[in-house]
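Student: Numbering (full-length UniProt numbering), first residue to last: 2 to 279. Before I ask anything, let me first share the structure, which is written out below as structure tokens.
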Ligand code: G4P
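So, in structure tokens, the structure goes:
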């Protein structure tokens, strides 16, 4: 199947972010820790070169901790500030605030030298849909949800959210579109619920997941499938799907089981699984 929704949306998102770049001190690029490559917009590279840039590996509660560590080192080597977090459960938020301040240090120090006492740091978040941008914004803003509002010299319609600190956040995050180079990337995004469009059948995504788990997370597959390692190794992937369906009492309704399996996967109930392996 060819996927056609990508380029138009992507250009629009890129332009929106570029328009606002002058107003922003720090860009937070939110990635899904399970998909640090596949959830990365190929065009963000050029944008973030112009600004201090933080990579957030979000949903690390769902990702393989060993992989998250490796990816953290990878992005650090790239020269980015990096932090892994679980925004849903509010972990590591004070570390993110510290990192924002560190990333903006050059600017704030300049302003302080000029006599400013507590210069405002303006931050924008960007990332693909469903990676947790709104959750992070809500955590940062907390109860200070008051909108700072438009000001002279600020583009009309621009709203900055106040936080407890001198950090302000652009109220609408930049929505970027994921890489969509090939079928595999598409399956990974679908498996993690990063794309909601029904461009794949659930059973195809489930088969992809089975194959991936078999290769990289066999113990998690054994546990979830209720099949032995030996049985998994002798069956074809479609037969694994069928036997799992039966083990869960759904007879031959593998479509229903595939949907169930993906729901469990996305909630982290199959295991902590990273799909882009470092
Ligand atoms: P977005 O603005 O980037 O589109 O993402 P948003 O914050 O709306 O988050 C999307 C979903 O991901 C939400 O679940 C949210 O609770 C969940 N989420 C965000 N951060 C984390 C995290 O660190 N760990 C986990 N496990 N989940 C996180 P939702 O509203 O239930 O949506 P859905 O799960 O039905 O897609």
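Beta carbons are placed, not taken as given, at the ideal position from N, Cα and C, and that holds for glycine. Predicted model, so just to flag it, every value in this text is computed and none were measured.
With a cut-off of 8 Å, do at least 3 Cβ pairs link the stretch 54–65 to the stretch 74–87?
Tutor: Contact between the stretch 54–65 and the stretch 74–87 is present, because at least three Cβ pairs lie under 8 Å.
Student: If you reduce the DSSP assignment to three classes, tell me which class residue 76 lands in.
Tutor: Counted from its first residue, the chain shown places residue 76 at position 75. DSSP places residue 76 in helix when its eight states are reduced to three.
Student: Tell me the DSSP secondary structure of residue 35 in three-state form.
Tutor: Along the chain shown, read from residue 1 onward, the residue named residue 35 stands at position 34. Residue state, collapsed to three classes: coil.
Student: Does residue 118 pass the burial test, meaning 16 or more other C-beta atoms within 10 Å, or should it be called exposed?
Tutor: As a working note, residue 118 is residue 117 in the chain shown. Classification for residue 118: exposed.
Student: Look at the alpha carbon of residue 204 and the alpha carbon of residue 189, and state the distance between them as a whole number of angstroms.
Tutor: Your numbering for residue 204 matches position 203 in the chain shown. Your numbering for residue 189 matches position 188 in the chain shown. Roughly 14 Å separates the two Cα atoms.
Student: Contact between the stretch 27–42 and the stretch 125–145: three or more CB pairs below 8 Å?
Tutor: Short answer: they touch.
Student: Specify, as a first and last residue, the run of the beta strand (DSSP E) that residue 169 falls within.
Tutor: In the chain shown, counting from the first residue as 1, residue 169 sits at position 168. Run containing residue 169: 168–171, per the beta strand (DSSP E) assignment.
Student: With respect to the alpha helix (DSSP H) encompassing residue 41, which residues constitute its N-terminal and C-terminal limits?
Tutor: Position 40 of the chain shown holds residue 41. Run containing residue 41: none; DSSP gives neither H nor E here.
Student: With residue 49 and residue 124 assumed to form a contact (beta carbons below 8 Å), what rounded beta-carbon distance in angstroms separates them?
Tutor: Locating residue 49 in the chain shown gives position 48, counting from the first residue. Locating residue 124 in the chain shown gives position 123, counting from the first residue. Not quite, the Cβ-Cβ distance comes to about 13 Å (not below 8 Å), so this is no contact.
Student: So for residue 58, helix, strand or coil by DSSP?
Tutor: As a working note, residue 58 is residue 57 in the chain shown. Correct three-state label for residue 58: strand.
Student: Can you find the residues in the same chain that come closer than 6 Å, C-beta to C-beta, to residue 81, ignoring five residues on each side of it along the sequence?
Tutor: Working through the chain shown from its first residue, we reach residue 81 at position 80. Result list for residue 81: 54 and 56, in chain order.
Student: Suppose contacts are defined by Cβ-Cβ distances below 7 Å. Is residue 75 in contact with residue 279 by that definition?
Tutor: Taking the first residue of the chain shown as position 1, residue 75 is located at position 74. Taking the first residue of the chain shown as position 1, residue 279 is located at position 278. Against a cut-off of 7 Å, the Cβ pair of residue 279 and residue 75 comes out as a contact.
Student: Roughly how many whole angstroms lie between the Cα atoms of residue 177 and residue 116?
Tutor: One-based indexing of the chain shown puts residue 177 at position 176. One-based indexing of the chain shown puts residue 116 at position 115. So the alpha carbons of these two residues sit roughly 37 Å apart.
Student: Could you tell me which of 39, 186 and 199 sits nearest to residue 209, measuring between CA atoms?
Tutor: The sequence position of residue 209 within the chain shown is 208, counting from 1. Of 39, 186 and 199, the residue nearest in Cα terms is 186.
Student: So what does residue 257 bridge to, in DSSP terms?
Tutor: Position 256 of the chain shown, counted from the start, is the residue given in the question as residue 257. None, per the DSSP bridge assignment.
Student: My understanding is that residue 142 touches residue 164, with C-beta atoms under 8 Å, so please give their C-beta distance in whole angstroms.
Tutor: Position 141 of the chain shown, counted from the first residue, corresponds to residue 142. Position 163 of the chain shown, counted from the first residue, corresponds to residue 164. Between residue 164 and residue 142 the Cβ distance is about 6 Å, and since that is below 8 Å, they are a contact.
Student: Taking 6 Å as the cut-off, is the C-beta of residue 193 nearer than that to any heavy atom in ligand 1?
Tutor: Along the chain shown, one-based indexing puts residue 193 at 192. Residue 193 Cβ: outside cutoff for every heavy atom of ligand 1.
Student: Taking residue 213 as the reference, which of 200, 193, 199 and 197 has the closest Cα?
Tutor: Indexing the chain shown from 1 puts residue 213 at position 212. Among 200, 193, 199 and 197, the Cα nearest to that of residue 213 belongs to 193.
Student: Starting from the Cα of residue 42, find the closest Cα among 259, 175 and 241 and give me that residue.
Tutor: In the chain shown, counting from the first residue as 1, residue 42 sits at position 41. Of the listed residues, the one whose Cα sits closest to residue 42 is 175.
Student: List in chain order the residues whose CB is within less than 6 Å of at least one heavy atom of ligand 1.
Tutor: Qualifying residues, in the order they occur: 59, 60, 62, 63, 87, 88, 89, 128, 130, 131, 132, 133, 134, 135, 136 and 194.
Student: Closest by CA to residue 246, which one among 277, 21 and 211?
Tutor: Residue numbering aside, residue 246 sits at position 245 when the chain shown is read from its first letter. Measuring from the Cα of residue 246, the nearest candidate turns out to be 211.
Student: Going by CA-CA distance only, name the one from 38, 62 and 90 that's closest to residue 72.
Tutor: In the chain shown, counting from the first residue as 1, residue 72 sits at position 71. Comparing Cα positions, the closest option is 38.
Student: Using the DSSP secondary-structure output, state which residues sit across from residue 194 in a beta bridge.
Tutor: Translated into positions along the chain shown, residue 194 becomes position 193. According to DSSP, which records beta bridges pairwise, residue 194 is partnered with nothing at all.
Student: Nearest to residue 225 by CA position, among 184, 249, 202 and 128, is which residue?
Tutor: Here residue 225 is taken as the residue at index 224 of the chain shown, counted from 1. It is 249.
Student: Based on DSSP bridge pairs, tell me the residues matched to residue 83.
Tutor: Here residue 83 refers to the residue found at position 82 when the chain shown is read from its first residue. Residue 83 pairs with 56.
Student: For residue 19, which of 126, 61, 91 and 65 has the nearest alpha-carbon?
Tutor: Sequence index remark: in the chain shown, residue 19 carries index 18 (1-based). Ranking the options by Cα distance to residue 19, first place goes to 126.
Student: Rounding to the nearest angstrom, what Cα-Cα distance links residue 151 and residue 65 in this structure?
Tutor: The sequence position of residue 151 within the chain shown is 150, counting from 1. The sequence position of residue 65 within the chain shown is 64, counting from 1. In this predicted model, residue 151 has a pLDDT of only 45, less than 50, meaning its place in the structure is not dependable; the value taken from the coordinates is given anyway. Each residue's alpha carbon lies about 42 Å from the other.
Student: Go through its chain and collect everything with a Cβ distance to residue 107's Cβ below 8 Å, but skip five positions before and after it.
Tutor: Numbered from its first residue, the chain shown carries residue 107 at position 106. Around residue 107: 53.
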